[in-house]
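There are 2 protein chains.
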Amino acid sequence: MNEIKLFCPATIANVSCGFDVLGLCLDSTGDEMTIRKMPEKGVRISKIIGQDLPLEAEKNVAGVAVLALLKEVETTFGFEIEINKKIKPGSGIGSSAASAAGAVFGVNKLLGEPFSREKLVEFAMMGEELASGAPHADNVAPALLGGFTLVKGYEPFEVLKLHTPKEIFATVIHPQIEVKTADARSVIKQNIPLKKAIIQWGNLAGLVSALYTEDYGLLSRCLHDEIVEPMRSPLIPGFYKAKQAAKDAGALGSGISGSGPSIFALSKGEETAKKVAKAMAEVYKDFGVDYDIHVSKINTEGVKEL
Amino acid sequence: MNEIKLFCPATIANVSCGFDVLGLCLDSTGDEMTIRKMPEKGVRISKIIGQDLPLEAEKNVAGVAVLALLKEVETTFGFEIEINKKIKPGSGIGSSAASAAGAVFGVNKLLGEPFSREKLVEFAMMGEELASGAPHADNVAPALLGGFTLVKGYEPFEVLKLHTPKEIFATVIHPQIEVKTADARSVIKQNIPLKKAIIQWGNLAGLVSALYTEDYGLLSRCLHDEIVEPMRSPLIPGFYKAKQAAKDAGALGSGISGSGPSIFALSKGEETAKKVAKAMAEVYKDFGVDYDIHVSKINTEGVKEL
């Protein structure tokens, strides 16, 4: 195999009560990527369509992720990468993660799969480090493993795939509001009340149980974020209106996707997820704010060959 | 039915990463209780064997729990309770919870089961409020539901039973050290670093996943307490030695049972749990501290008729 074409999915990190640990993989939104073997060693980003992003491998998340992988394997050739960037950077649905995950997935395939998907997460994290200053896995894990994923911890690093109930659909609205990563970070308090932490981990434990037992009612009752949502929501005008609209339209719950400004909702069944999309869209129509909106089943596979 | 005899199990609360939310039910240790209908309405504690505890219903955890239940149902008769108290109060394995749970379970049976086990947890919590000043459910939930339980939250109150892997056995050692509840509480800091909270909820989410998938390796890697164990362990001399001894003997993990001083370990298989018991016992033998020790399968049923 000398060339591979890939779908590199968008992802939702945090998922309300799972700040920094939970993630899930979308199916209807993602980048496309083509990777080809080339005679020179190393990585070359030859083309990026749709966004103005750096082509130098060392400054590009996909390039950095592949360079991390190539440190751990001998090759006699290199890789040329073309990216059709459909996920907007800064939208909060794992744009950089999709590129990093797709690149290491494709290169691994072209090398005959020396690495597991879990190991690829560690390489892709190096791309995330370039994008955000810290190697975090809450988007690259679902992009590579698919479904709902848990970053169990970083010392030692461990990611795992949780069970995904069949009927869950996601709605994601991206209002065209800029939330600067620095702002999204600076609002996070470094100390939190133990009482709130207990509520949060009670909800997270309940949510994991709900995934395995496919208990949609319980899932809905657990989709709360006691800690980060109250800090970040002021950065997203209309957030609580959109959340209420989603709930009123039948969503199991909703929250901030990653660090925003995208807002996600989870629903049981595609029909409800579409109603939820309509209701959330109405909120931003009324606000006069442009938006993109997607309804997606959960992609239980992660990055896929096209 | 005019009389019922019960086994009221001891329980382990917190289970390392699940402070205030997780619990599990033991099978080899517990109180015995007999409850009889009596012509006068109300509750009478007629006898307590083994411990010097108040017989007045309003001052006894079992009495208070039953009185809470009787507020929600009409009866033409009352209940007389005899308790054979085998769990030592203050040992950290849910002594008061066993009495409260057994009493409401038995009364509910004699009334023809008007209440679910989940509802009984709420009545039993009233007994816990008498014992500790706050209505908490992390021991009464496993005592009534059996297996591993989760207190998902208090507002609104919700408890659920998680899946229990078949091969888990518990070892519990009770060194005869007094830990005052006031001390066990006063060492808990009311604010915690978000970083540690994230590690804790990553472990808890992993542990819940490990229960459902019966992944003993993952379970072992999740049995850590970043937050409360470091605060409370100084109150239990020998704690880290006993923990290390348990680990060396093959335990999946160990930690403080409830607020201590009992120390629990979980193992895969009864043989290992027995080896762990021997190793933990050696530690306190060397210290010259008396102890009780138990090896128990997980009781997936909770309070049982004898």
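Taken in sequence, the protein lines are chains A and E. Counted from 1, the first sequence has number 306 at position 306 by full-length UniProt numbering; the numbering is strictly sequential. Counted from 1, the second sequence has number 255 at position 255 by full-length UniProt numbering; the numbering is strictly sequential. For each residue, glycine too, the CB sits at the ideal point set by N, CA and C. None of the values given here were measured: they were computed from a predicted structure.
Query - Inter-residue Cα distance where the pair is G133/E and V140/E - result: In this structure, the CA atom of G133/E is about 15 Å from the CA atom of V140/E.
Report task. Consider the C-beta atom of F115/A and the heavy atoms of the ligand ZN; say whether any pair is separated by less than 7 Å. Result -> Among the ligands in the structure shown, none appear at all, so the ligand ZN cannot be discussed.
Query raised in the report: At which residue ranges does the segment 203 to 265 of chain A contain complete alpha helix (DSSP H) runs of 4 or more residues, listed in the order of the chain?
Result: If only complete runs of 4 or more residues are kept, the segment 203 to 265 of chain A shows the alpha helix (DSSP H) at 216 to 222, 228 to 232 and 239 to 248, in order along the chain.
Query raised in the report: Given A184/A, which residues of its chain have a CB within under 8 Å of its CB, disregarding the five upstream and five downstream residues?
Result: Sequence-distant Cβ neighbours of A184/A in its own chain, meaning closer than 8 Å and more than five residues away, are R232, L235, S259 and G260.
Query raised in the report: Among all the DSSP beta bridges, which residues are the ones paired with L22/A?
Result: According to DSSP, which records beta bridges pairwise, L22/A is partnered with L150/A.
Report task. Along the alpha helix (DSSP H) that carries P142/E, what are the first and last residues, could you check? Result -> Its alpha helix (DSSP H) spans residues V140 to L145.
Report task. Helix, strand or coil for V43/A, going by three-state DSSP, please let me know. Result -> Strand, per DSSP.
Report task. For chain E, find out if any of its Cβ atoms is closer than 8 Å to the Cβ of R232/A; answer yes or no. Result -> R232/A does not count as touching chain E.
Requested in this report: Could you confirm whether any beta carbon from chain E is found closer than 8 Å to the beta carbon of G153/A?
Outcome: For G153/A, at least one C-beta of chain E is nearer than 8 Å to its own C-beta.
Query raised in the report: Can you list, in chain order, the residues of its chain whose CB lies under 7 Å from that of K275/A, leaving out five sequence neighbours each side?
Result: Hits under 7 Å: A249 and G250.
Query - Under 7 Å from the C-beta of D20/E: neighbouring residues of chain A - result: Per Cβ cutoff of 7 Å: I198.
Query raised in the report: Can you name the residues that DSSP bridges to F79/A?
Result: The beta-bridge partner set that DSSP reports for F79/A consists of K37/A and V43/A.
Report task. Rounded to whole angstroms, what's the CA-CA distance from I177/A to F239/A? Just pull it up for me. Result -> Rounded to whole angstroms, I177/A to F239/A spans 11 Å at the Cα level.
Report task. Check distances from the C-beta atoms of the UniProt domain "GHMP kinase N-terminal" (65 to 147) of chain E to those of chain A and list, in chain order, the residues that come in under 7 Å. Result -> Sequence-ordered contacts of the UniProt domain "GHMP kinase N-terminal" (65 to 147) of chain E with chain A are nonexistent [C-beta pairs closer than 7 Å].
Report task. Please say whether G78/A and V43/A have beta carbons closer to each other than 8 Å? Result -> Note that the C-beta distance between V43/A and G78/A is below 8 Å.
Requested in this report: At 7 Å on the CB atoms, spell out the chain A contacts of Y212/E, in chain order.
Outcome: What Y212/E touches in chain A: Y212.
Query - Endpoints, alpha helix (DSSP H) assigned at V64/E - result: Taken as a continuous stretch (DSSP letters only), the alpha helix (DSSP H) holding V64/E covers V61 to L70.
Query - One or two residues paired with K5/E in a DSSP bridge - result: In the DSSP assignment, K5/E is bridged to T34/E.
**Report entry** Amino acids of chain E, ordered along the chain, whose beta-carbon sits closer than 9 Å to that of N203/A
**Finding:** Those within 9 Å of N203/A in chain E are K152 and G153.
Query - Beta-bridge partners of V159/E, as assigned by DSSP - result: DSSP lists V151/E as partners of V159/E.
Report task. Would you mind working out which of H224/E, V187/E and L194/E sits nearest I188/A, comparing C-alpha positions? Result -> Considering only alpha carbons, the answer is L194/E.
Query raised in the report: Does the segment 142 to 152 of chain A come within contact of the segment 280 to 293 of chain A, defined as at least 3 CB pairs closer than 8 Å?
Result: These segments do not touch.
Query raised in the report: When the distance is taken between beta carbons, is G106/E closer than 8 Å to M1/E?
Result: Cβ distance not < 8 Å, so M1/E and G106/E don't count as in contact.
Report task. Note down, in chain order, all residues in the segment 170 to 197 of chain A with a beta-carbon under 8 Å from any beta-carbon belonging to chain B. Result -> Protein chains A and E are contained in the structure displayed, whereas chain B is not.
Query raised in the report: Should K191/E go down as buried or exposed, given a rule of 16 or more other Cβ atoms within 10 Å for buried?
Result: Checking the displayed sequence, the identity of residue 191/E turns out to be Asn instead of Lys. Exposed: under 16 other Cβ atoms inside 10 Å.
**Report entry** Where the alpha helix (DSSP H) through F105/A begins and ends
**Finding:** Start and end: S95 to L110.
Query raised in the report: Which bits of chain E does S209/A rub up against, with CB to CB less than 7 Å?
Result: Contact note: S209/A reaches chain E through L150, L160, L162 and V208, using a C-beta cutoff of 7 Å and chain order.
**Report entry** Interfacial residues, the segment 4 to 29 of chain E to chain A, with Cβ spacing under 9 Å
**Finding:** So the list reads C17, G18, F19, D20, V21 and L22, given in the order they occur along the chain.
Query - For K86/E, three-class secondary structure by DSSP - result: In the structure shown, K86/E sits in coil (DSSP, three-state: anything other than H, G, I, E or B).
Query raised in the report: For the segment 210 to 228 of chain A against the segment 9 to 28 of chain A, are there 3 or more C-beta pairs whose distance is under 8 Å?
Result: These segments touch.
Query raised in the report: Would DSSP call E305/E helix, strand or coil?
Result: For E305/E, the secondary structure class from DSSP, reduced to helix, strand or coil, is strand.
**Report entry** Integer Cβ distance of A277/A from I293/A, believed to fall under 8 Å
**Finding:** Right, the Cβ-Cβ distance comes to about 5 Å (below 8 Å), so this counts as a contact.
Query - Bridge partners - P193/A, DSSP secondary structure assignment - result: The partner list for P193/A (beta bridge, DSSP) reads N191/E.
Query raised in the report: chain E beta carbons: is any one of them nearer than 8 Å to that of R44/A?
Result: Not closer than 8 Å to any Cβ of chain E, the Cβ of R44/A fails to qualify, so no.
Query raised in the report: Can the beta-carbon of F264/E be found closer than 8 Å to that of T171/E?
Result: Yes, Cβ-Cβ distance for F264/E and T171/E is below 8 Å.
Requested in this report: Would you mind sorting residue 307/E into buried or exposed? The rule is 16 or more other CB atoms within 10 Å of its CB.
Outcome: A question about residue 307/E goes unanswered here, because the residues of chain E that appear run from 1 up to 306.
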